[in-house]
Amino acid sequence: MLTIIVIVASFIGVAALVGGVAVMLRGDTDSVVEDRLEIFVGTKSPTSTRGHKLEPSLLSSPLDETRGMIDKLLSRVGNFRLLLEQADVALDPSRFVLLCAGLATAGAAVCILVPSVPKYLAPIVAPILGVAPLLWLLLRRRSRLRKFGQQMPEALELISRALRAGHSLASGINLVSEEMTEPISKEFRRCYEAQNLGIPLEEAMDDMCGRVPNLDLRFFVTAVVLQRQTGGDLAEILDKIGSLIRERFKIWGQIQALTGEGRLSGIVLLALPPALFLVMYYLNPDYCAVLFTDPMGHKMLAAAVVMQIVGAVVIKKIITIKV
């Protein structure tokens, strides 16, 4: 019975991993709407999209049907596609889920098949490998949004100078997309191209706020909308918003310096139990094996994990100060 379970788990793991890599290495991933927009702008020829867009549905593979089912499930639990877009990861949600499932199953299969690896590590290795891509995605999204926020003051000053030089607001947005680096240049470029296609500038900027959850960007869009409705000196307003953002970053840096000791203490306290467990497991594996073989050990291990999570949340609340 154990042999059958190992064979089935290995087959599922290899199939999911190969499938995830295969769909990642497939051809063009642009949607029909994006292709039509590129044809309208003139950056793509209509004949270049006929070959793969007219593919009959009878030739669709079971993998495509599986991805469709995964997309339907993900649409019910949240906008996972927006999360990938905010992290600037060019993957469909179904492909990302297949990659996570493949890594988790492959890790469990390695723990079961390799004789030198203890089999009771499979329930630990599989979730870690399965969640690792999601943690990487969240860290990448956080880093990208932080960099976007740091670029906002410079972008507002650039638009303000363009307005004082006699250019339009759309030209100022285009100037930001050309002169600045990622990620703010990409988002402003999408906004500029959207209004070039006939979408009202206010709507294009509101869509950019939906893609980038940044409070300073929301202030900028609100200022533009109010100025267009009531009038006023938009350049002066943008200068004031930029100076306020810089002052807030200055205060945030001071808070980071004051809470540095608490953050370091939290990292040490959270890393100490896993590190001590690894050292004890290396020195005396039989002593730690009780946690995985005995029912009481399972309860102790679950309680330790829960307490670690609670401690991490409490420390995070203590050292986090919103500015």
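Going by our numbering, the letters in the sequence shown line up with residues 1316 to 1638, in that order. Quick reminder that beta carbons are idealized off the backbone N, C-alpha and C, glycines included.
With distance defined between alpha-carbon atoms, name the residue in Gly-1546, Met-1595, Ser-1558, Leu-1444 nearest to Leu-1418.
Out of Gly-1546, Met-1595, Ser-1558, Leu-1444, Leu-1444 has the C-alpha closest to the C-alpha of Leu-1418.
How long is the line joining the alpha carbons of Leu-1544 and Glu-1517, rounded to whole angstroms?
Checking the displayed sequence, the identity of residue 1544 turns out to be Gln instead of Leu. So the two alpha carbons sit approximately 11 Å from each other.
Specify, as a first and last residue, the run of the alpha helix (DSSP H) that Tyr-1597 falls within.
Here the alpha helix (DSSP H) through Tyr-1597 covers 1575-1598.
Which same chain residues, not among the five before or five after Gly-1581, have their C-beta less than 6 Å away from its C-beta?
Cβ within range, chain order: Ile-1630.
Which one of Asn-1489, Thr-1496, Leu-1478 has the shortest CA to CA distance from Arg-1459?
If we check each option's Cα against that of Arg-1459, Thr-1496 comes out closest.
My output table needs one value for Pro-1498: the three-state DSSP class, helix, strand or coil.
If DSSP states are grouped into helix, strand and coil, Pro-1498 belongs with coil.
To the nearest angstrom, how far is it from the Cα of Val-1506 to the Cα of Pro-1528?
The question names Val, yet the displayed sequence has Cys at residue 1506. Taking the straight line from one Cα to the other gives about 15 Å.
Hey, out of Leu-1414, Ile-1624, Phe-1503, Leu-1471, whose CA is closest to Ala-1538's CA?
Ala-1538 has its Cα closest to that of Leu-1471, out of Leu-1414, Ile-1624, Phe-1503, Leu-1471.
Specify the secondary structure class of Val-1432 as computed by DSSP and reduced to three states.
In the structure shown, Val-1432 sits in coil (DSSP, three-state: anything other than H, G, I, E or B).
Just the Cα atoms here: how many angstroms apart are Gly-1481 and Gly-1487?
If you take the alpha carbons of Gly-1481 and Gly-1487, they lie about 10 Å apart.
Please identify the residue among Thr-1574, Ile-1474, Phe-1503, Gly-1546 whose C-alpha is closest to the C-alpha of Gly-1525.
Closest option to Gly-1525, Cα to Cα, is Phe-1503.
Counting Cβ pairs, one atom from each stretch, are 3 or more of them under 8 Å apart for the region 1574-1594 and the region 1619-1634?
Taking 8 Å as the limit for Cβ pairs, the verdict is that the region 1619-1634 does touch the region 1574-1594.
Excluding the five sequence neighbours on either side, which residues of its own chain have a C-beta within less than 6 Å of the C-beta of Leu-1532, listed in chain order?
For Leu-1532, where only same-chain residues beyond five positions count, the Cβ hits under 6 Å are Cys-1524.
Report back the beta-carbon spacing between Pro-1468 and Gly-1547 to the nearest angstrom; my notes put them in contact at under 8 Å.
Actually they do not touch by this definition, with Cβ atoms about 20 Å apart.
Contact check, Leu-1452 vs Val-1404 under 8 Å by CB: the rounded distance?
Going by Cβ atoms, the distance from Leu-1452 to Val-1404 rounds to 6 Å, so yes, they are a contact pair.
Quick check: what's the CA-CA separation for Phe-1564 versus Arg-1461?
Between Phe-1564 and Arg-1461, the C-alpha separation is close to 11 Å.
Between which two residues does the alpha helix (DSSP H) carrying Val-1539 extend?
Element bounds for Val-1539: 1530-1545.
Got a sec? Which residues, its chain only, sit under 7 Å from Met-1520 by beta carbon, not counting five neighbours each side?
So the list reads Cys-1506, Val-1536, Val-1539, once near-sequence residues are dropped.
Quick check: what's the CA-CA separation for Gln-1295 versus Glu-1562?
Outside the shown range of the chain (1316 to 1638) lies residue 1295, about which nothing can therefore be said.
Ile-1439 to Leu-1399, Cα distance in whole Å?
Each residue's Cα considered, the two are about 26 Å apart.
Using CA atoms only, rank isn't needed, just tell me which of Glu-1494, Ala-1485, Ser-1500 is closest to Leu-1512.
Checked all of Glu-1494, Ala-1485, Ser-1500; the closest Cα to Leu-1512 is Ala-1485.
Which residues in the same chain have their Cβ closer than 6 Å to the Cβ of Tyr-1435, if we skip the five residues on either side of it in sequence?
So the list reads Phe-1607, once near-sequence residues are dropped.
Taking buried to mean at least 16 other C-beta atoms within 10 Å of its own C-beta, is Ile-1566 buried or exposed?
Ile-1566 should be labelled exposed.
Can you look up Pro-1442 in the DSSP assignment and give me helix, strand or coil?
Pro-1442: helix per DSSP, three-state reduction.
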